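*Asks:*
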Amino acid sequence: MKKIVVLRLGHRINRDQRMTTHVALTARALGAEGMLLVSSDKSIEQKISDVNKRWGGSFYVRSDVKWKCEIKKWKESGGKVCHLTMYGIGLESEINAIRDIKDLMIIVGAEKVPAEIFAMADWNIAITHQPHSEVAALAIFMDRLQKGEEHLKDFKNGKLQIVAMRRGKKVKENKNLKHL
536 MKKIVVLRLG
546 HRINRDQRMT
556 THVALTARAL
566 GAEGMLLVSS
576 DKSIEQKISD
586 VNKRWGGSFY
596 VRSDVKWKCE
606 IKKWKESGGK
616 VCHLTMYGIG
626 LESEINAIRD
636 IKDLMIIVGA
646 EKVPAEIFAM
656 ADWNIAITHQ
666 PHSEVAALAI
676 FMDRLQKGEE
686 HLKDFKNGKL
696 QIVAMRRGKK
706 VKENKNLKHL
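For the sequence shown, position 76 matches number 611 in this note's numbering, and the numbering has no gaps at all.
1. Put Arg679 into one of helix, strand or coil per three-state DSSP.
2. Could you say which of Asp638, Ile642, Trp609 lies nearest to Thr620 if we only look at CA atoms?
3. Would you grab the beta carbon distance between Leu572 and Thr555 for me? Rounded to a whole angstrom, and I think it's under 8 Å.
4. Can you tell me whether Val706 is helix, strand or coil according to DSSP?
5. For Leu695 versus Arg563, is the C-beta spacing smaller than 7 Å?
6. Run the CB neighbour count on Ile583, radius 10 Å, all protein chains shown included, and call it buried at 16 or more, exposed below.
7. Count Cβ pairs between the stretch 632-642 and the stretch 599-616 that sit closer than 8 Å; are there 3 or more?
8. Pick helix, strand or coil for Arg553, following the three-state DSSP scheme.
9. Determine whether the beta carbon atoms of His618 and Ala650 lie at a separation below 7 Å.
10. As an exercise, report each continuous alpha helix (DSSP H) stretch of at least 4 residues that is fully enclosed by the stretch 629-686, in chain order.
11. Over what stretch of residues does the beta strand (DSSP E) that includes Lys577 continue unbroken?
12. Measuring straight from C-alpha to C-alpha, what distance separates Leu715 and Lys707?
13. Using a 10 Å radius around the Cβ and a threshold of 16 neighbouring Cβ atoms, would you call Val558 buried or exposed?
14. Can the beta-carbon of Glu629 be found less than 7 Å from the beta-carbon of Trp609?
15. Can you tell me the Cα-Cα spacing of His686 and Lys704, whole angstroms?
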């Protein structure tokens, strides 16, 4: 898998701010290249840019995109589209085929997803057939997609880096970078 991008549908600025931020943080931490946000919300873009400055990486958020155009462009360039929905087929039956894809767009919704999305997606995948969080679905999907190896991703140029410990917390500062 070379490129993973998340398309976030249905972001309602006053209601979904925290959830959409968590979708972006999850996608970033688990190896996606970026997130396309259907709504116009520059504050999400800024929050993730700030995270990149502190913790490294080049994850991007582009807001105010037209979902239909983005899906069409993605597919025209040879990419495949996977829509995460509790109405889809079980993840385990399709994950091996999805792993073979070079460029993958993962669609996660917030409110009611347009029926057209189900038709445009190459896969409609369910993590479970019960109501659940889109953040949980994205995290489980990306973990299974990458066989648990997403933690090996190196986040370069961060001001801060966690030092893994059995107990306690330790963060080291990258002295080679200018402070924020």
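We put the CB at the ideal spot given by N, CA and C, even for glycine.
Since this is a predicted model, take the numbers as computed values, not measurements.
*Replies:* Per the coordinate set shown:
1. helix
2. Ile642
3. 7 Å
4. strand
5. no
6. buried
7. yes
8. helix
9. no
10. 650-655, 669-680
11. Looking at the DSSP string, Lys577 is not in any beta strand (DSSP E); the run it does join, the alpha helix (DSSP H), is 577-590.
12. Only weak support is given to the placement of Leu715: the predicted model assigns it a pLDDT of 48, under 50, and the question is left unresolved by the model.
13. buried
14. no
15. 18 Å
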